[in-house]
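Shown next, in structure tokens, is the structure this report addresses.
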Amino acid sequence: MGESRQVRLWRGGCAMLRAQHNSQRSSPHGAAYLLPFLPQEGSTMSDTTLTTRLATAEDKPQVTRMFSEAGLDTDAALESGTTYWIMERNGEAVGAVGLEHGDGVSLLRGAAVSPSSRGMGLGRQLVISAVEYARGRGDRAVYLFSKGGKWETFGFTQIPLAVVMGDIPDAPQIQAYRSRGERPGGTTWMRDLTK
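According to UniProt numbering, the sequence shown holds residues 1 to 195 in order.
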């Protein structure tokens, strides 16, 4: 059991997601929150039920498969100090997103949507949900490493790699890079949550 959101989508409509936290595993901030979800114009997801729930250890194969299909690093997925979610459509996993937590900051571990569900705004919703979760837990910033994407549309700005490496040195993804003697590729981004 864990956090679960459910929404019915309709073509051209707008819905709100309400996160419910149960007593067995609640968010660090312990409150429900509303997240906007705007289906993209022309979406074919008419009358479809989406559910987003906290991922468990049993979900690791699904998370790593989706991350791998999206070309994302699968090292350290669902390790201690992380929070991952699975998005399901009619009971089938169609997306995953994760955060690695530090002291007042989080690292967006990845957001992936299955190939058959791309182009419907699900990846965008996963990212927005993860950022809002980080804000709700009191984080002052969310970081990410990316080789592509339009992260500025989510309010992220480019920053030097050293900032992330110093601000969240114990994140599993950073530890995995260090253990291999590598540096994250691509661009380093930050979303300031204090503004």
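No residue lacks a Cβ here, since even glycine has one placed at the ideal position from N, Cα and C.
For F145, the enclosing beta strand (DSSP E) starts and ends at 141-146. According to the DSSP assignment, G98 belongs to the beta strand (DSSP E) that extends over 92-101. Counted as a single uninterrupted DSSP element, the beta strand (DSSP E) harbouring I86 occupies residues 82-89.
Per DSSP, reduced to three states, the secondary structure at T157 is strand. Nearest C-alpha to T187 among A93, K195, W151, V131: W151. If you look at T64, you'll find it in the alpha helix (DSSP H) that goes 60-69.
If you draw a straight line from the Cα of R140 to the Cα of T157, it is about 14 Å long. A contact between stretches requires three or more CB pairs, one per stretch, nearer than 8 Å, and the region 112-121 fails this requirement with the region 154-173. The beta carbons of V127 and Y143 sit no closer together than 9 Å. Uninterrupted alpha helix (DSSP H) stretches at least 4 residues long and entirely within the region 116-140 occur at 122-136, given in chain order. Contiguous alpha helix (DSSP H) elements confined to the region 164-191 occur at 172-179, taking only those with 4 or more residues. DSSP places A77 outside both helix and strand once states are collapsed to three, so it counts as coil.
Separation of T83 and T56 (C-alpha to C-alpha, rounded to the nearest whole angstrom) is 9 Å. Per DSSP, the beta-bridge partners of S106 are H101, V142. Residues of the same chain with a CB within less than 8 Å of the CB of E88, apart from the 5 flanking positions on each side, are L50, T51, T52, R53, V94 in chain order. Residue pairing by DSSP places A111 opposite V97 in a beta bridge.
Each of A77, G136, V63 was checked against the Cα of A171, and the nearest Cα belongs to A77.
Taking all protein chains in view, the Cβ of R180 is surrounded by fewer than 16 other Cβ atoms within 10 Å, so the residue is classified as exposed.
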